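Take a look at the structure below.
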Amino acid sequence: MTPMPLIFAGTCDLAGKVRGKAFPADQLDKRLQRGVGWTPTNVQINCFDGIGESPFGALGDLLLIPDPSTEVKVDFGTGAVEHFMLGNITTLDGDPWELCTRSLLQSALDRLHQVAGIRLIAAFEHEFQLKGEPAVRNQGYGLEAFEVQRCLCETLMGALKQAGMEPDSIMKEYGDNQYEVVVGPNEGVRAADAAVILRELTRSTARSLGEAATFTPIRDVASVGNGVHIHMSFIDDDGQPVTYDEAGACGMSALTGAFAAGVLKYLENIIALTAPSDISYERLTPHRWSAAYNNLGFRDREASLRVCPVTRKEPVSIARQFNMEYRAADAAACPHLALAAIVHAGAQGIEEGLRSPAPTEEDLSLLAPDDLAARGFIRLPTSLAAALDRFEASETAKGWFPVPFAAVYRAHKEAEMAHVAEMDITGKCAAYEDSY
Ligand code: GLU
Ligand code: MG
116 MTPMPLIFAG TCDLAGKVRG KAFPADQLDK RLQRGVGWTP TNVQINCFDG IGESPFGALG
176 DLLLIPDPST EVKVDFGTGA VEHFMLGNIT TLDGDPWELC TRSLLQSALD RLHQVAGIRL
236 IAAFEHEFQL KGEPAVRNQG YGLEAFEVQR CLCETLMGAL KQAGMEPDSI MKEYGDNQYE
296 VVVGPNEGVR AADAAVILRE LTRSTARSLG EAATFTPIRD VASVGNGVHI HMSFIDDDGQ
356 PVTYDEAGAC GMSALTGAFA AGVLKYLENI IALTAPSDIS YERLTPHRWS AAYNNLGFRD
416 REASLRVCPV TRKEPVSIAR QFNMEYRAAD AAACPHLALA AIVHAGAQGI EEGLRSPAPT
476 EEDLSLLAPD DLAARGFIRL PTSLAAALDR FEASETAKGW FPVPFAAVYR AHKEAEMAHV
536 AEMDITGKCA AYEDSY
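Structure representation (C-alpha cells):
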C-alpha cells in the first residue's frame, strides 16, 4: 500500500482554530479553482467543539478555496509530511462569504488604503508554553531552560523559514515552560496568515518531539499570561515608510497618531475580538505586562499600545524600523479578525481626524477612578461578557462588519461561555489549555 499525499485547505475561524478538509495533492490545480465544499454553520463550532446558535442551521453551501501563496510543506521526519494552505471562504458564485475572516481583514485593509492611502505592515509576536511540568524551574530567560529545548527551538525556526517566514528570535520567557517566538513583518493579510502558520508549526514541532505546546491566554492565574503582541507600521503606495516623524509625539507621524487614537478610543469596543476567551480577562489585569487600560505607552510594557524602541541610527532606517505594538491580544483570537478590528479602529481614528494620544508614564492602576476618567482613560472590560456588550453597544464598531457578524459572534461566544460557566478558574484554565 502506498500512502496518498494530501493537502489540507483550511480557514482560521471565529474560534481562532484552523479547520478545513484535505484532498489528494494531485488534485491541486482543480482545487485551486473549485476549492473544497464548506458549510455555513461550521462558523459556530467553538473552541470546545460545541456549536453556537446558528442562523444558517443545516442550510447552505460554501467553498473554501486554498491560496497557494500560503502553502506550508514541512517534513518533521515523523512519517507523513505536513502540507497545508490557508484559504478564503466564498459563495458558490465565487463572492467572498460575509463571515470569512480573511476577507474581513482584506476589507479593513482596503478601507485603510481608501481613507489614508497607506498599507499595513505587521508582525505578530507569540508566547506559548509547553504542557506538563517544566524540566527545569526558576529559569526566566534562562540559558539552561533554553538548552533543554534547543532542539525544539531550532526545529521550529527551521520550519518557519521553510514556510517562507523570516525567523527573528526565540527565547525562554519568564513563565514556567514559557517560550516566545518572533518572526519578521509581512504586509497585510500575509501578516495574519503568518501568525496562523506559526501557531500550527509550533504545535507540530512540539508534537514531533514528544512535547505539547499551548497558546492559551493564561495557564495559571498565579503566573503570567501568553500574549500576542501585534507590531504595526505603514508604507505608502511607493513602499516608503510613513509611520515616523521626528517632530511628532514619541516619533509618531500625524497619521500614526490618529490611527493610535482611534485604536484607543474604540479599544473597549473591539477587545472582544482580540482577547476573545473567557480567561483572556485574567491575563488583562494590571502588573502582568499585558494591558489593562486604553493607554499609549512610550516603551512601556503595560500599555495597550506601545511605541517601540528603535535601534537604528540613520533617519531613513529609523523611519523603516519605527512601529507601535498592540498588546491586548492573545492566541484565542483569529489573527485575521483581531487585525481587522484594530485596522478598522485605526482607520476610524484617521477618518475622525483624531489627534495623537499623549503617552502615559505612570502606573495607571494607582490612579483614582476620577483621575483616570478626567484624563480620558478607562479600565478595559474585565470579562468576556462585558467586552461583548461593549462591542454590541457601539454602532460604529459593529458597522465595520457585515450585518450578521455581531449576532453570530455573540452566539458563538455565548456557547463557549456556557461551556465553562460552572467551572472554577483552575478548571477554566485547564479547559482552554486543552483547546489552544
Ligand atoms: N507575558 C506578557 C503578556 O501576557 C508579555 C511579557 C512581555 O512583555 O514580553 O502579554
Ligand atoms: Mg514576551
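Using this note's numbering, the letters of the sequence shown correspond one by one to residues 116 to 551. Glycine included, each C-beta is placed from N, C-alpha and C at the ideal position. Bear in mind that the values here come from a model prediction, so they are computed numbers and not experimental data.
Under 8 Å between C-beta atoms of residue i and residue j
i: Val422; j: Gly366; result: yes
i: Asp445; j: Arg403; result: no
i: Val523; j: Pro211; result: no
i: Arg383; j: Ile204; result: According to the sequence provided, residue 383 is Glu. The question's Arg does not apply to it. No, these two residues do not count as a Cβ contact at 8 Å.
i: Ile385; j: Ala460; result: yes
i: Ala306; j: Pro300; result: yes
i: Val263; j: Ala274; result: no
i: Phe163; j: Ala545; result: no
i: Ala328; j: Ala321; result: yes
i: Ile465; j: Ala231; result: yes
i: Ser368; j: Phe191; result: no
i: Cys449; j: Gly150; result: no
i: Ala309; j: Val298; result: yes
Cβ-heavy atom distance, residue i to ligand 1, below 7 Å
i: Asn410; result: no
i: Arg470; result: no
i: Val339; result: yes
i: Gly72; result: This structure gives no information on residue 72, because the portion of the chain shown stretches from 116 to 551.
i: Gly342; result: yes
i: Trp404; result: yes
i: Arg398; result: yes
i: Arg442; result: yes
i: Arg416; result: yes
Bridge partners - residue i, DSSP secondary structure assignment
i: Arg293; result: A small fix is needed here, since residue 293 is Gln in this sequence, not Arg. DSSP lists Gln244 as partners of Gln293.
i: Pro356; result: Ile350
i: Ala444; result: Val343
i: Ser284; result: Val297
i: Gly125; result: Gly135 and Leu201
i: Glu302; result: Ile236
i: Leu177; result: Trp153
i: Lys188; result: His198
i: Met367; result: Tyr359
i: Arg494; result: Tyr408
i: Leu420; result: Leu411 and Tyr441
i: Thr329; result: Gln244
i: Thr475; result: Gly412
Distance between beta carbons of residue j and residue i, contact taken as under 8 Å
i: Glu242; j: Asn341; result: 4 Å
i: Phe413; j: Ile345; result: No, Phe413 and Ile345 are not in contact; Cβ-Cβ is about 18 Å, not under 8 Å.
i: Tyr381; j: Ala447; result: Actually they do not touch by this definition, with Cβ atoms about 20 Å apart.
i: Ala406; j: Ala443; result: 4 Å
i: Phe506; j: Leu214; result: Rounded, the Cβ-Cβ distance is 15 Å, inconsistent with contact.
i: Pro391; j: Lys513; result: Not quite, the Cβ-Cβ distance comes to about 16 Å (not below 8 Å), so this is no contact.
i: Asn161; j: Glu537; result: Asn161 to Glu537, Cβ: 16 Å. No contact.
i: Thr497; j: Tyr396; result: 5 Å
i: Pro118; j: Leu147; result: Between Leu147 and Pro118 the Cβ distance is about 23 Å, and since that is not below 8 Å, they are no contact.
i: Ser348; j: Phe261; result: That pair is no contact at about 29 Å.
i: Arg226; j: Ala434; result: Not a contact, Cβ separation roughly 24 Å.
Heavy atom of ligand 2 within 7 Å of residue i beta-carbon
i: Glu288; result: yes
i: Glu242; result: yes
i: Glu295; result: yes
- Task: Decide if the region 483-491 is in contact with the region 257-271; the criterion is three or more beta carbon pairs, one per stretch, under 8 Å apart.
- Result: Between the region 483-491 and the region 257-271 there are fewer than three C-beta pairs closer than 8 Å, too few to call the two in contact.
- Message: Across the region 530-543 and the region 229-238, are there enough close Cβ pairs to call them in contact, namely three or more that are closer than 8 Å?
- Response: no
- Item | Three-pair Cβ contact test at 8 Å for the region 310-318 versus the region 277-295 | Taking one beta carbon from each stretch, the region 310-318 and the region 277-295 have 3 or more pairs nearer than 8 Å; the two touch.
- Query: Is the region 184-201 touching the region 118-134, taking contact as three or more C-beta pairs under 8 Å?
  - Reply: yes
- Message: Assess contact between the region 285-293 and the region 150-168, defined as three or more Cβ pairs (one per stretch) separated by less than 8 Å. Is contact present?
- Response: no
- Task: May I ask you to verify whether the region 451-470 touches the region 369-385, counting CB pairs closer than 8 Å and requiring at least 3?
- Result: yes
- Task: Taking 8 Å as the threshold, find out whether the region 213-233 comes into contact with the region 133-149 through three or more Cβ pairs.
- Result: no
- Query: Looking at C-beta atoms only, is the number of pairs between the region 243-251 and the region 287-302 that lie closer than 8 Å three or more?
  - Reply: yes
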